[in-house]
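Student: Numbering (the working numbering), first residue to last: 33 to 234. C-beta: ideal position from N, C-alpha, C; glycine also. What you are looking at is a predicted structure, and each value in this text was computed from that prediction instead of being measured. I have a structure I would like to understand better, so I am pasting it below and will then ask my questions one at a time.
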Amino acid sequence: MSGNPGILNAVSRETRGRLEVYADLLRKWQPKINLIAPSTLPDLWARHFEDSAQLLPLVPEGTKRIADMGSGGGFPGLVLAILTGIETHLIESDSRKGAFLREAARLTDAPVTLHTKRLEAMPSLGADLITARALAPLTELLGHAARIGAASGWRGLFLKGESWQNEVAAAQQTYAFTLAETPSRTHPSAMILSIKDVHHVA
Numbered sequence: 033m034s035g036n037p038g039i040l041n042a043v044s045r046e047t048r049g050r051l052e053v054y055a056d057l058l059r060k061w062q063p064k065i066n067l068i069a070p071s072t073l074p075d076l077w078a079r080h081f082e083d084s085a086q087l088l089p090l091v092p093e094g095t096k097r098i099a100d101m102g103s104g105g106g107f108p109g110l111v112l113a114i115l116t117g118i119e120t121h122l123i124e125s126d127s128r129k130g131a132f133l134r135e136a137a138r139l140t141d142a143p144v145t146l147h148t149k150r151l152e153a154m155p156s157l158g159a160d161l162i163t164a165r166a167l168a169p170l171t172e173l174l175g176h177a178a179r180i181g182a183a184s185g186w187r188g189l190f191l192k193g194e195s196w197q198n199e200v201a202a203a204q205q206t207y208a209f210t211l212a213e214t215p216s217r218t219h220p221s222a223m224i225l226s227i228k229d230v231h232h233v234a
């Protein structure tokens, strides 16, 4: 991890060790299960771990439950669970990826509950923070988040690529919401969308 500037350089030795265990397990499972794009494996820390960790300063104080939609290899949900210690629900329909996530959570002692279901089949989790990375268009994400999130209110943190402005414009045809934009630390054309107060356009 040394040589990769960013949030992960400031974590404790214990947390760093848990992330290293996670990374080693991912490298072991990657040839059998396509957890991440193979081309990104040599740059694993910056492309996946640091990319996920950059959400940490945006996690609202007092967050009690995180739901990560389409967790895949665990980014950003498992990384945030390790960094924050907050109860985190990982939602991943692929049972093979689910097996990896279960083992990674066990080895890192992360506060994780795994749901190997399709998002469409998920009931409310009462989550006050919902995350997703490289999963689906924003309109679709908001529809799932509205069902999974807490009735008292929730915030979404969504990592989006260079087409994020088009996705926001499309989502605004269906939903009204409060949006804050934070430029990605790891991808110059990417953006982190922090969204709350979501409701259907009348």
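Smallest Cα separation from T145: which of L173, S103 and A202?
Tutor: The residue you call residue 145 lines up with position 113 of the sequence shown. It is S103.
Student: Closest to S84 by C-alpha separation, out of I227, I39, T171 and G49, would be which residue?
Tutor: For the purposes of this step, residue 84 is taken as the residue at position 52 of the sequence shown. That would be I39, whose Cα lies nearest to the Cα of S84.
Student: So, helix, strand or coil for E199, using DSSP?
Tutor: Taking the sequence shown and counting its residues from 1, the one referred to as residue 199 is at position 167. The answer is helix: DSSP assigns E199 an H, G or I state.
Student: Pick out whichever of I114, M101 and N66 has its Cα sitting closest to the Cα of E52.
Tutor: The count along the sequence shown starts at 1 and reaches residue 52 at position 20. It is I114.
Student: Among the residues of its own chain, which have a CB less than 8 Å from the CB of A142, if the five just before and after it don't count?
Tutor: Translated into the one-based positions of the sequence shown, residue 142 becomes position 110. Contacts found: R50, L110, A113, I114, T120 and A136.
Student: Identify, in the order they occur along the chain, each residue of the same chain with its Cβ nearer than 6 Å to the Cβ of E213, setting aside the five sequence neighbours on each side.
Tutor: Reading the sequence shown from its first residue, position 181 is the one you call residue 213. Contacts found: M223.
Student: Considering E46, what are the terminal residues of the alpha helix (DSSP H) in which it resides?
Tutor: Translated into the one-based positions of the sequence shown, residue 46 becomes position 14. E46 -> alpha helix (DSSP H) spans R45 to W61.
Student: Return the chain-ordered list of same chain residues with a C-beta closer than 7 Å to the C-beta of I65, the five sequence neighbours on each side being excluded.
Tutor: Start at 1 with the first residue of the sequence shown, and residue 65 comes out as number 33. The answer, listed in chain order, is R128, K129 and F132.
Student: Throw me the rounded Cβ distance for the I98 and A159 pair, which I believe falls under 8 Å.
Tutor: Within the sequence shown, numbered from 1, the residue matching residue 98 stands at position 66. Within the sequence shown, numbered from 1, the residue matching residue 159 stands at position 127. Between A159 and I98 the Cβ distance is about 6 Å, and since that is below 8 Å, they are a contact.
Student: From H232, A164, H176 and V43, pick the residue whose C-alpha is nearest to that of F107; which is it?
Tutor: For the purposes of this step, residue 107 is taken as the residue at position 75 of the sequence shown. Of the listed residues, the one whose Cα sits closest to F107 is A164.
Student: Which whole-angstrom value describes the C-beta separation of M154 and I123, a residue pair presumed to lie in contact below a C-beta threshold of 8 Å?
Tutor: On the sequence shown, position 122 is the one that residue 154 refers to. On the sequence shown, position 91 is the one that residue 123 refers to. Going by Cβ atoms, the distance from M154 to I123 rounds to 6 Å, so yes, they are a contact pair.
Student: In angstroms, rounded to a whole number, what distance separates the CA positions of E152 and I162?
Tutor: Taking the sequence shown and counting its residues from 1, one reaches residue 152 at position 120. Taking the sequence shown and counting its residues from 1, one reaches residue 162 at position 130. One C-alpha to the other measures close to 15 Å.
Student: Three-state secondary structure (DSSP) at P215?
Tutor: Along the sequence shown, read from residue 1 onward, the residue named residue 215 stands at position 183. P215 falls in the strand class under three-state DSSP.
Student: Do L87 and L157 count as a contact pair if the criterion is CB distance below 9 Å?
Tutor: Position 125 of the sequence shown, counted from the start, is the residue given in the question as residue 157. Position 55 of the sequence shown, counted from the start, is the residue given in the question as residue 87. Cβ atoms of L157 and L87: not closer than 9 Å.
Student: To which residues of the same chain is N41 closer than 7 Å at the C-beta, ignoring the five residues directly before and after it?
Tutor: Your numbering for residue 41 matches position 9 in the sequence shown. Result list for N41: empty, nothing under 7 Å.
Student: Taking the beta strand (DSSP E) that V230 falls in, what are its first and last residues?
Tutor: As a working mapping, residue 230 is identified with position 198 in the sequence shown. Residues M223 to H232.
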